[in-house]
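Colleague: Numbering (this note's numbering), first residue to last: 20 to 371.
Note that beta-carbon positions come from the ideal geometry of N, C-alpha and C, so glycine has one too.
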Ligand code: NAD
Ligand code: TYD
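Shown next as structure tokens:
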């Protein structure tokens, strides 16, 4: 008899990072059945997965992780072996205007998945895994020096990071209390193809194309550690297959940029790509009101990922940024679709 395939539930697979993870797993592991569960909120987009949607080992489930009954029913029906949980509300600015939406999806939604996994697996945890994808923002903010390690105490400052911290705590608590097998990875800021243009890099790319102001919060000297999204997907693949049960791994780009310096570099590259004279895009830079509770600096010590799992980023920021810009310029239709209608409403409210 043919051995039944391992069934992997990937939540949030129609989003930015999730779509790269789904593509990698569907293409690399024909021996797995991949179930992409996504509600298709404003951030989810099946256009991200057109190239793999007809693969035999790919299935799409349009479900809300906040619907506990639906999640239980799915686990009962499909008996997933492993979960990679990415579905979340993911934008800090939106968490400031609607914090409760973040508690619902990021905390309650995660709880629904944890409960369903525990109840389905409780008699036999062998070869089961709840892999929770989290962020470095749970650690709060750094000063001028230092790096976040896996031992850095949680100290979240935004409703987004507080909701992600809470979900991390619940995953760990289910590991301690019910022995649920889990892995958590906390990653720094991602950039790359398919990112929704509410986040800094695609928002600026879109605004440069449209000759619109580039909104820089505060003094622009806030620092982020940027990682190319495909390098994150590769790290997730490694942690999923070779990570140790109940471990946390930090994933980062070893690539710190002050926002204003990053935007200046982006402007330079875009001027060349769009045949504009040098300095033209930079004229769009506009300092605007700061984000409340804005974390000064994030930076990751990814030494454990490197030492234990042999992972390191594969592209430089200059390479990754050029790939990203080329992708947005080549996918005008995608950008047009996601920036019409409700995006404009969000944009006007956020930046007016
Ligand atoms: P995203 O906003 O692009 O995608 C989120 C996906 O989740 C979307 O497809 C959306 O439709 C889906 N979703 C939202 N609510 C849902 C619900 N109730 N039920 C089912 N699906 C729902 O986010 P992203 O940037 O790809 O981030 C993915 C994960 O990685 C998140 O957990 C985020 O916290 C984490 N993360 C993101 C970054 C980053 O820089 N983007 C860095 C570290 C960690
Ligand atoms: P963002 O992409 O929202 O990611 P995060 O807040 O999760 O780090 O923002 C990255 C940095 O860019 C952050 O310091 C806030 C800043 N920023 C701006 O200056 N202007 C903007 O319009 C946005 C969206 C972000």
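According to DSSP, simplified to helix, strand and coil, what is residue 8?
Modeller: The question about residue 8 has no answer, for the chain in this structure spans 20 to 371.
Colleague: Using 8 angstroms for Cβ pairs, my map puts residue 179 next to residue 361. What's the rounded Cβ distance?
Modeller: In fact, because the Cβ distance is near 20 angstroms, the residues do not count as touching under 8 angstroms.
Colleague: Taking the runs of the beta strand (DSSP E) that are 3 residues or longer, which of them lie wholly in the stretch 142 to 220?
Modeller: Counting only runs of 3 or more, we get 148 to 154, 201 to 206.
Colleague: Which residues in the same chain as residue 138 place their Cβ atom closer than 8 angstroms to its Cβ, once the five residues preceding and following it in sequence are excluded?
Modeller: 91, 94.
Colleague: With H, G and I counted as helix, E and B as strand and the rest as coil, what does DSSP make of residue 244?
Modeller: Strand, per DSSP.
Colleague: From residue 174 to residue 216, what does the alpha carbon distance come to, in whole angstroms?
Modeller: Looking at the two C-alpha atoms, the distance is approximately 27 angstroms.
Colleague: Closest to residue 279 by CA distance: which of 254, 235, 259 is it?
Modeller: The shortest C-alpha separation from residue 279 is found at 235.
Colleague: Hey, could you find the ends of the beta strand (DSSP E) residue 234 is sitting in?
Modeller: Start and end: 233 to 236.
Colleague: So which of 370, 151, 108 has the shortest CA-CA distance to residue 255?
Modeller: Closest by alpha carbon: 151.
Colleague: Do you know whose CA, among 302, 221, 265, lies nearest residue 351's CA?
Modeller: That would be 221, whose Cα lies nearest to the Cα of residue 351.
Colleague: Could you name the residues of the same chain whose beta carbon sits closer than 6 angstroms to that of residue 333, not counting the 5 residues immediately before and after it, in chain order?
Modeller: Excluding sequence neighbours, residue 333 sits near 250.
Colleague: For the stretch 116 to 132 against the stretch 79 to 91, do three or more pairs of beta-carbon atoms, one drawn from each stretch, fall closer than 8 angstroms, so that the two count as touching?
Modeller: As far as the Cβ criterion goes, the stretch 116 to 132 touches the stretch 79 to 91, which means the pair count is three or higher.
Colleague: Between 101, 71, 299, 259, which lies nearest to residue 145 when the distance is taken from Cα to Cα?
Modeller: Nearest of 101, 71, 299, 259 to residue 145, Cα basis: 101.
Colleague: Can you say whether residue 64 is buried or exposed, counting buried as having 16 or more other CB atoms within 10 angstroms of its CB?
Modeller: Burial call: buried.
Colleague: By Cβ distance, which residues of its chain are closer than 7 angstroms to residue 312, with the 5 residues on each side in sequence left out?
Modeller: Closer than 7 angstroms at Cβ, skipping near neighbours: 176, 177.
Colleague: On the three-state DSSP scale, how would you describe residue 293?
Modeller: In the structure shown, residue 293 sits in coil (DSSP, three-state: anything other than H, G, I, E or B).
Colleague: So for residue 27, helix, strand or coil by DSSP?
Modeller: Strand.
Colleague: Along the alpha helix (DSSP H) that carries residue 46, what are the first and last residues, could you check?
Modeller: From DSSP, the alpha helix (DSSP H) with residue 46 extends over 35 to 47.
Colleague: Verify whether the separation of the beta carbon atoms of residue 54 and residue 99 is less than 8 angstroms.
Modeller: Cβ distance < 8 angstroms, so residue 54 and residue 99 count as in contact.
Colleague: Taking the alpha-carbon positions, what's the residue 158 to residue 283 distance?
Modeller: Using only the alpha carbons, I get a separation of about 28 angstroms.
Colleague: Compute the distance between the beta-carbons of residue 242 and residue 275, then report whether it is under 8 angstroms.
Modeller: It is a contact, given that the beta carbons lie within the stated cut-off.
Colleague: Are residue 246 and residue 207 touching if we call contact CB-CB under 8 angstroms?
Modeller: It is a contact, given that the beta carbons lie within the stated cut-off.
Colleague: Could you work out which residue in 240, 67, 210, 49 is closest to residue 57 when comparing CA atoms only?
Modeller: Checked all of 240, 67, 210, 49; the closest Cα to residue 57 is 67.
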